[in-house]
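Here's the structure we're looking at; comments come further down.
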Amino acid sequence: MDWINAIVQGILLGGLYALFAAGLSLIFGVMRLVNIAHGDLIVLAAYIALVVVQATGLHPLASALLVVPIMALIGYLLQRFLLNPTIGKDLLSPLLVTFGISVLLQNGLLLGFTADSRRLPAGALETASFDLVSGLTIGVLPLLMFVTSIMVIFALDRVFFHTSLGRAFRATSDDGEVAQLMMIDRRHIFGMAMALSLGVVAIAGIFLAIRTNFDPASGPARLIFGFEAVIIGGLGNLWGTLAGGVILGVAQAIGAQISPGWQILAGHIVFFIVLAFKPRGLFPRMD
416 MDWINAIVQG
426 ILLGGLYALF
436 AAGLSLIFGV
446 MRLVNIAHGD
456 LIVLAAYIAL
466 VVVQATGLHP
476 LASALLVVPI
486 MALIGYLLQR
496 FLLNPTIGKD
506 LLSPLLVTFG
516 ISVLLQNGLL
526 LGFTADSRRL
536 PAGALETASF
546 DLVSGLTIGV
556 LPLLMFVTSI
566 MVIFALDRVF
576 FHTSLGRAFR
586 ATSDDGEVAQ
596 LMMIDRRHIF
606 GMAMALSLGV
616 VAIAGIFLAI
626 RTNFDPASGP
636 ARLIFGFEAV
646 IIGGLGNLWG
656 TLAGGVILGV
666 AQAIGAQISP
676 GWQILAGHIV
686 FFIVLAFKPR
696 GLFPRMD
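Sequence positions in the sequence shown follow my numbering and run 416 to 702.
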């Protein structure tokens, strides 16, 4: 039962990793852009949620009503004014810009909030749980994160394949120059893609802030987990990203069951095995 419990907890943890990764997968699918600042943007969302909760008294989950649109606006502005001018055939320029954004965010948060770790208190939600069967306890917060990740990825999938905005995303991704000739404003479409990505980042940041302590230097670890989930699942495949997050979470949970020191290492080992034998991921997007 201990092993079954570890696997179940790993599956639920995979929901959080899928939220970390969904925005990365979306941006790569639309713009072929790897956002080095993605983890720091998750931490930025956590700090914005902290400020919103302290200023308004809202429950952390209710703070999403403000944090999501704030982060979406930040994403649109970042893309329109900083990233769009760098996107082209040269892959190095956007990587350098996002690296610069990462450095600025870390130092800005350090200046504004100090290096002290913070946490977003959510009351009884943090410890609430129920027994699924004898010996198997499910936490309400991990279950909520997993269900939310499924709902978010379902919503992104619907947007991507069943709306005019999604058709513009796909057209721009397939051939940006032809899409431009068809009167699709590529700069605006890229901005909307980043806004959608950071809307998801906002949800991930809120759950991160409730689940664990965070500080201005927490971003790179979040980026690594998100990147590994994307690679394991398959580049540009949203549902594959969910599968990648679950596989990563289960690997870490099994590693922790063997020895606490193996928790993070086990996830990295699974990532490298997948990368070695399936470089495009387990469920690559079909072009």
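Beta carbons are placed, not taken as given, at the ideal position from N, Cα and C, and that holds for glycine.
DSSP places residue 546 inside the beta strand (DSSP E), whose first and last residues are 544-548. Judged by DSSP in its simplified three-state form, residue 650 adopts coil rather than helix or strand. In terms of Cβ geometry, residue 524 and residue 459 form a close pair [threshold 9 Å].
The DSSP-derived three-state label of residue 501 is helix.
In the displayed model, residue 533 falls within a strand according to three-state DSSP.
At least 9 Å separates the beta-carbon of residue 433 from that of residue 627. In the three-state reduction of the DSSP assignment, residue 451 falls in the coil class, being assigned neither a helical nor a strand state.
In this structure, residue 670 keeps its C-beta atom at 9 Å or more from the C-beta atom of residue 651.
Taking a C-beta distance under 9 Å as the contact criterion, residue 673 and residue 461 do not qualify as a contact pair. The three-state reading of DSSP puts residue 663 in helix, counting H, G and I together.
Beta-carbon to beta-carbon, residue 513 and residue 451 are separated by about 4 Å, close enough to satisfy the 8 Å threshold. The C-beta separation of residue 660 from residue 430 comes to about 7 Å, placing the pair in contact by the 8 Å criterion. Beta-bridge pairing by DSSP links residue 629 to 533. The residue among 534, 436, 634 with its C-alpha nearest the C-alpha of residue 469 is 534. Rounded to whole angstroms, the separation of the alpha carbons of residue 536 and residue 471 is 14 Å. Counting along the chain, residue 554 sits inside the beta strand (DSSP E) bounded by residues 551-554. With respect to residue 584, residue 607 sits close: the two C-beta atoms are nearer than 9 Å.
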